[in-house]
Amino acid sequence: MPSPLKVRLTSEEKQCLFELKSNPKIPQRTKHRAEALVLSDRGWKVSVIAVHLNCAQQTVRQTFYRWLTQGKEGLFDSPRSGRRPVWTTEDIKYIEECLEKEERTYNSRQLVEKLKQERSVEISHDRLRKILKKKSGNGKGQG
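Heads up, the sequence shown is in the working numbering, so the first residue is 16 and it goes up one at a time.
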């Protein structure tokens, strides 16, 4: 069984965590981590904090460790890995200009082929449709 942990906070740290928790631009996961630290400082046990925040005890302990080793920065998520988009906003603008200027009508597969031939960009027709729908804002995309 892991040993019990307790975090002691200075008044400056408490103020910093309060500001994090009350900032609407801070991600919810970061706010929960700040809350875990505050609750520990108030005397709550790891098991009770985990139940209160609906997470595993190991998650609470990891939050404490990250706070102790990294400080405030340890409360934020690390950048996620993943493939970068193969298309740019200029590619999408190009497609939108083609749709506005040209007389003909395109479906999403034809637009994908146009991007591939004219701009050397490969993207699936489903992805292109989603991008165009999102940009139009009305749920009705071209294609």
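From the three backbone atoms N, C-alpha and C, an ideal C-beta is built for every residue, glycine too.
Looking at the backbone, the Cα of W82 and that of L52 are separated by about 8 Å. When secondary structure is reduced to three states using DSSP, L52 falls in the helix class.
Taking the Cα positions, G58 is about 14 Å away from T25. With a contact defined as Cβ atoms closer than 8 Å, D92 and P39 miss out at about 17 Å. The alpha-carbon of L54 is positioned some 39 Å away from that of R99. By the Cβ-count criterion, S123 is buried, with 16 or more other Cβ atoms from all chains shown falling within 10 Å of its own Cβ.
Going by DSSP, A65 is part of the alpha helix (DSSP H) stretching over V61 to L68. Here Q72 is near V61, since their CB atoms are less than 8 Å apart. In the DSSP annotation of this structure, K87 is not part of any alpha helix (DSSP H), being labelled neither H nor E. Counting only unbroken stretches of 4 or more residues, the alpha helix (DSSP H) elements lying wholly within the segment 18-42 are 26-37, in sequence order. In this structure, D106 is the residue among D106, K46, K148 and K149 with its C-alpha nearest to the C-alpha of E128. Here V101 is near I138, since their CB atoms are less than 8 Å apart. The alpha-carbon separation between K87 and G97 amounts to approximately 25 Å. Buried is the label assigned to F79, since at least 16 other Cβ atoms lie within 10 Å of its Cβ.
Judged by beta-carbon spacing, R142 lies beyond the 8 Å limit of Y109, meaning their Cβ atoms are not closer than that value.
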